[in-house]
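Engineer:
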Amino acid sequence: MKLAGLFLTLVAFGSFGTEAYTFSRCELARTLRYHGLPENKLRDWVCLVEKESSRRTDAIGMQNSDGSWDHGLFQINDRYWCNRAGWPGKECNVSCDQLRSNDITEAVRCAKKIFARHGFSAWVAWRSYCQYNLPDISYC
Numbered sequence: 005m006k007l008a009g010l011f012l013t014l015v016a017f018g019s020f021g022t023e024a025y026t027f028s029r030c031e032l033a034r035t036l037r038y039h040g041l042p043e044n045k046l047r048d049w050v051c052l053v054e055k056e057s058s059r060r061t062d063a064i065g066m067q068n069s070d071g072s073w074d075h076g077l078f079q080i081n082d083r084y085w086c087n088r089a090g091w092p093g094k095e096c097n098v099s100c101d102q103l104r105s106n107d108i109t110e111a112v113r114c115a116k117k118i119f120a121r122h123g124f125s126a127w128v129a130w131r132s133y134c135q136y137n138l139p140d141i142s143y144c
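In this note's numbering, the protein residues as written are 5 to 144.
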């Protein structure tokens, strides 16, 4: 199963270039599953990514009132979690560029860390849109 997931990830991302990638809903569900996100929370994660970044790996949100920015699929904030300067740093020990990569390994790792500390309530989009209205991924 892991080998099939890796194959799916490689096919989806091609050569892992710098070009942005937009997941379909099912591709996203399968990829998040491959990266170890639990099945019983998968609908929450898919909804969060859809509402935060429209499933785009290169997404950068609008500047926040404190001057920070949100990066990648999970829209992870650079004030606390990633370093804008280009090298790994802050709580996730990752550069913000890595969070916008088509290889979502670091983005998932960081999102898991945020979730472990704050739950889904760390993401405004989840609180506003997903908390009571999760997408159907049963066909994925």
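Where is the CB? At the ideal position from N, CA and C, for every residue including glycine. Because the structure is a prediction, the values reported are computed rather than measured.
Buried or exposed for Tyr25, going by 16 or more other Cβ atoms inside 10 Å?
Structural biologist: buried
Engineer: Taking the alpha-carbon positions, what's the Leu36 to Val112 distance?
Structural biologist: 8 angstroms
Engineer: Less than 8 angstroms between the C-beta atoms of Leu41 and Ser57, yes or no?
Structural biologist: no
Engineer: Select from Arg29, Val53, Asn68, Gly90 the residue whose C-alpha is nearest the C-alpha of Cys134.
Structural biologist: Val53
Engineer: Could you say which of Ser132, His122, Val128, Lys116 lies nearest to Leu46 if we only look at CA atoms?
Structural biologist: Lys116
Engineer: If you run the structure through DSSP and keep just helix, strand and coil, what is Arg104?
Structural biologist: In the three-state reduction of the DSSP assignment, Arg104 falls in the coil class, being assigned neither a helical nor a strand state.
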